[in-house]
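Asker: At position 56 of the sequence shown the residue is numbered 86 (the numbering used here), and the sequence of numbers has no breaks.
A virtual CB, placed ideally from N, CA and C, is assigned to each residue, including glycine.
Since this is a predicted model, take the numbers as computed values, not measurements.
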Amino acid sequence: MNSRTRKLVPQHREATRIAAESRCLICDAYGCEPAHFPTHRGMAGGKAGWSREEWVPLDRDCHDLIDRRLGVSAAIEERRIMALLMLEERAPKWWRGTDGTT
Ligand SMILES: [Zn+2]
């Protein structure tokens, strides 16, 4: 049974639509992409989905930072930790404040 892919696609499309109309939770830039938080896809062994509390809107720069696509220097890692702390604070508020209609 391989219904997983079929189930994920509409949710991901919806997440992409909402993120495109949202501000980045880290730097406030408008026009984002959905990023897995708090469970990174790699850490969850590919189990992370796209339901409301599995992702946050991030612009491309912050998404790259969180997903370590900017490298792993000490300076980058420090920025990344700061960003993750902000997400921990802001993500629950964003999840509560967004019902998909705004
Ligand atoms: Zn950002």
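1. Any idea which residues DSSP pairs leucine 88 with across the strands?
2. For the alpha helix (DSSP H) that contains arginine 109, what are its first and last residues?
3. From arginine 43 to serine 52, what distance separates their C-alpha atoms?
4. Leaving out five residues before and five after leucine 115 in sequence, what residues of the same chain have Cβ atoms less than 7 Å from its Cβ?
5. Using CA coordinates, which residue listed in Glu107, Ala105, Val102 and Trp85 is at the minimum distance from glutamate 118?
6. Classify proline 64 as buried or exposed, calling it buried when 16 or more other Cβ atoms lie within 10 Å of its own Cβ.
Answerer: Looking at the coordinates:
1. Residue numbering aside, residue 88 sits at position 58 when the sequence shown is read from its first letter. Glu63, per the DSSP bridge assignment.
2. As a first step, residue 109 must be located in the sequence shown, where it is residue number 79. Taken as a continuous stretch (DSSP letters only), the alpha helix (DSSP H) holding arginine 109 covers 104-127.
3. The sequence position of residue 43 within the sequence shown is 13, counting from 1. The sequence position of residue 52 within the sequence shown is 22, counting from 1. Approximately 14 Å, taken between the alpha carbons.
4. Walking along the sequence shown from the start, residue 115 turns up at place 85. Cβ within range, chain order: n/a, list empty.
5. The residue labelled residue 118 in the question sits at position 88 within the sequence shown. Checked all of Glu107, Ala105, Val102 and Trp85; the closest Cα to glutamate 118 is Trp85.
6. Along the sequence shown, read from residue 1 onward, the residue named residue 64 stands at position 34. Counting Cβ neighbours within 10 Å, proline 64 comes out buried, since at least 16 surround it.
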